[in-house]
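Following my numbering, the numbering of the sequence shown begins with -13 at its first residue and continues without gaps.
All residues carry an ideal CB built from backbone N, CA and C; glycine is no exception.
First up is the structure itself, then whatever we jot down about it.
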Amino acid sequence: MTTYDKIWELAKPYYEKGRIFDIPHIEWMQKESNKIADIESLDKKLLLPIVILHDVGYSKVKEKNPHIKGKDIKVFHMREGSYIAKDILKKVNYDKEKSKQIVNYIAVHDNWLLGDNTPFKECKEMAVFNDLDFLWVSTSIDTFKAAADSMGMNPKFFYDFWSKDEKLTNRPFCCPYTQHMWDSSMKLIKGRLDTP
Ligand SMILES: [Fe+2]
Ligand SMILES: [Fe+2]
């Protein structure tokens, strides 16, 4: 069992209390971030724990499919998540310096919502993290509909909204792999939405 597996084992019980899609969300991000870390020569010791732990704070949120742009819950889950992440990293005796960095990034991982894009500009691992966190929405028609639902939008209306999201201008995809994923996943979603 790798240290990452141990971190995941300790994080899972929190995700079971989290949002409807949290476990597949984190499993998918783990798989993809591992691949991209190899392609882009990224620091897995930083990226993987951020991916595995970033949303544990939703375990403290009652709402199971919260509004994906809702400020209060986002701010709350970042803060609560950073405390839980700190505990888990301590339990597995994770490198102290890295743990500090990981916890600090978890505390700001959705700061784009507050108009702060610095974490994603100063750190390539955070840029990839943000690409994948965003891309999760369009990985399947079910996740796409759930995101639309969280905002009270019909999926077709949400498609137009999502196609013009501020992410695309403020934090453009940071590597060819994620850019390609965006183009192909949105094409598939459009196909599904256009089929009666
Ligand atoms: Fe989050
Ligand atoms: Fe996330």
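- Restricting attention to 152, 131, 163, 156, the CA atom closest to the CA of residue 176 is found in 131.
- In the DSSP assignment, residue 21 falls within the unbroken alpha helix (DSSP H) covering 8 to 26.
- Residue 182 carries a coil assignment under DSSP once its states are collapsed to helix, strand and coil.
- Distance from the Cα of residue 129 is smallest, within the candidate group 171, 31, -7, 161, for 171.
- Around ligand 2, the residues selected by a Cβ distance under 5 Å to any of its heavy atoms are 41, 119, following chain order.
- Rounded to the nearest angstrom, the gap between the Cα atoms of residue -6 and residue 90 is 19 Å.
- Short of 8 Å from the beta carbon of residue 144, and not among the five residues preceding or following it, lie these beta carbons of its own chain, in chain order: 130, 133, 134, 137.
- Within the model, the alpha-carbon separation for residue -10 versus residue 182 is close to 43 Å.
- Placement of the Cβ of residue 63 at a distance of less than 7 Å from at least one heavy atom of ligand 1 is found.
- Look at residue 117: its beta carbon is at least 7 Å from all of the heavy atoms in ligand 1.
- Excluding residues up to 5 positions away in sequence, 42, 45, 70 lie with their Cβ nearer than 7 Å to the Cβ of residue 0 in the same chain.
- Taken from the Cβ of residue 53, every heavy atom of ligand 1 lies 7 Å or farther away.
- Beta-carbon to beta-carbon, residue 155 and residue 121 are separated by about 16 Å, too far to satisfy the 8 Å threshold.
- For the set 178, -4, -12, the Cα lying nearest the Cα of residue 77 is the one of -4.
- Residue state for residue 54 is assigned as coil, using DSSP reduced to three classes.
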